[in-house]
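With my numbering, letter number 202 in the sequence shown gets 1212, and the count goes up by one each step, no holes. One structure is given below, encoded as structure tokens.
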Amino acid sequence: MHSSFTRLQNVFGFFTTVAFVLGAFIAATDLGSARSPSGVIKTDNIQVVKGRPHYYSSKKEEYAIIRFSLEADLSSLFTWNTKQLFVYVTADWTGPGNTNNSAVIWDSIITNPSADHLQNIGPVAMKKLKRSAEGKSIAPDRGILKLKNQKPKYQITHPSGKIAETANVTLKLHYNVQPWVGLLTWDMDKSFGMWNAMSGGVSNLFTLPALKSKDNKDKNAAKNKTKGKKP
């Protein structure tokens, strides 16, 4: 006869097998939900200054501050298995020797109504989230982003300390879907089944301006003063 310990092991093994199969089935249901994310992003104001980009920086270096506008529809990424959506914007450019550079300048977390309690937000914002989710499994405005002249959360730097006048820079919109059960999925370059690649989400090419310095300000002020004089 089997001992009590052996029987307990068998029950636990059966339970974990059932849980694994059920979890795999739940994760597979995401493949049947269409994804069609889209976005339009453009730059509003770009500055390159020299200083300490972070409080812990030990030396002064050049860093870029990029303000942008964004309109995106990521609502199709929310299903009953979506826990939260991580959205972020990167600045990408090719450096010397065809090296690819990418730096995150802004990010945000958008939770599913059933996961709002996991987000550390204020009571007023929490009331709005609960109100938007009343009677709905997923609020229709989840994943709709409309940002104008958005200030970046992070400045762009480079290990060399030089970044002014960098050419062929683009802003790109990215997302990461975090499900309740299953694998993390990121934005895709190509469509797969019912999951479509991001439509748009890339800005036009632009060049970072020259370093903003006191000398440049004095020269511009002198030019404006000269233009203001009457002959």
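Even for Gly, the Cβ is constructed at its ideal location relative to N, Cα and C. Model, not experiment: these values are computed from the prediction.
- If you compare the alpha carbons of L1041, K1052, D1040 and T1039 with that of S1213, the shortest gap goes to K1052.
- Distances from the CA of A1101 to each of K1156, S1067 and G1211 were compared; the closest alpha carbon is that of G1211.
- Pairing Q1165 with A1029, the inter-Cα distance amounts to about 45 Å.
- The continuous alpha helix (DSSP H) containing L1018 extends over residues S1014 to A1038.
- Counting other Cβ atoms within 10 Å of its Cβ, W1196 stays below 16 and is therefore classed as exposed.
- Taken through DSSP and simplified to helix, strand or coil, L1080 comes out as strand.
- Unbroken beta strand (DSSP E) stretches of 3 residues or longer found wholly inside the segment 1072 to 1118: 1092 to 1105, given in chain order.
- With a 10 Å radius around the Cβ and a threshold of 16 neighbouring Cβ atoms, V1021 comes out exposed.
- With three or more CB-CB distances shorter than 8 Å, the segment 1073 to 1085 counts as touching the segment 1156 to 1164.
- Around the beta carbon of L1018, fewer than 16 other beta carbons sit within 10 angstroms, so the residue counts as exposed.
- Using a Cβ-Cβ distance cut-off of 8 Å, the segment 1169 to 1185 and the segment 1083 to 1099 are in contact, since at least three pairs of beta carbons, one from each stretch, lie closer than that value.
- Nearest C-alpha to K1222 among V1031, D1040, I1056 and I1120: I1056.
- Straight-line spacing of the CA atoms in P1162 and L1218 works out to 15 Å.
- The three-state secondary structure of K1156, taken from DSSP, is strand.
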